[in-house]
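Numbering (my numbering) for the sequence shown: 107 to 260.
Where is the CB? At the ideal position from N, CA and C, for every residue including glycine.
Here is the structure we will look at.
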Amino acid sequence: MAADLEDDSEAVRLLVARQFASLSWNEGRTADWDGFSADFLPGAMLFPAARPVASRTVPEFVARMKHLSTTTLPALEEEVRGMRVTVFGNVAVAAVACAVVENHAAAEETVEMMLLVKNEGRWRIAAQAWDKAGPDNPVPDSLLGSPRPDRVGI
107 MAADLEDDSE AVRLLVARQF ASLSWNEGRT ADWDGFSADF LPGAMLFPAA
157 RPVASRTVPE FVARMKHLST TTLPALEEEV RGMRVTVFGN VAVAAVACAV
207 VENHAAAEET VEMMLLVKNE GRWRIAAQAW DKAGPDNPVP DSLLGSPRPD
257 RVGI
């Protein structure tokens, strides 16, 4: 049972890392839009940091980001700075501290939360939401430099 939890936690961590890598691009490299989309369940929703809150489907989000990548956002780099993964059976939550660099400017920090489900042996994202960090909303210390997953076993 412990080995299964470790395997599942590692699979979620790899999925998260793949997500951030696929949604990074610059003048010499395009994003992996198909790879990004493939890790979501059909009907999955994304909730960007902008307020008032507005949900986006994965196709809507990808279409917007594709457009931005050819207009006002020719470079976007995302880097995982820390992560907490909690797995219970076929459900998991990943909390991710991320550095985001837009158009080679100074890095901004975000925290992203993902709800994942496992079906037919594969983890996929059911929902994802994020918010920007700042002086009044710092990234929790518990996320920074903590790449190992939390394990829940009952």
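Please name the residue or residues paired with residue i in a DSSP beta bridge.
i	result
residue 185	205
residue 269	The chain is shown from 107 up to 260; residue 269 falls before or after that span and cannot be answered.
residue 131	182
How far does the alpha helix (DSSP H) with residue i in it extend, from its first residue to its last?
i	result
residue 174	164 to 175
Which two residues bound the contiguous beta strand (DSSP E) that contains residue i?
i	result
residue 150	146 to 153
So, is residue i buried or exposed, given that buried needs 16 or more other C-beta atoms within 10 angstroms?
i	result
residue 129	buried
residue 194	exposed
residue 228	exposed
residue 166	exposed
residue 133	exposed
residue 169	exposed
residue 188	buried
residue 159	exposed
| request: Run through the segment 198 to 251 for me and flag every whole alpha helix (DSSP H) of 4 or more residues, listed as ranges in chain order. | output: none
| said: Quick check: the segment 213 to 220 against the segment 234 to 241, are at least 3 beta-carbon pairs closer than 8 Å? | reply: yes
| query | Hey, is the segment 146 to 153 in contact with the segment 195 to 214, meaning 3+ C-beta pairs nearer than 8 Å? | reply | Output reads no: the segment 195 to 214 does not touch the segment 146 to 153.
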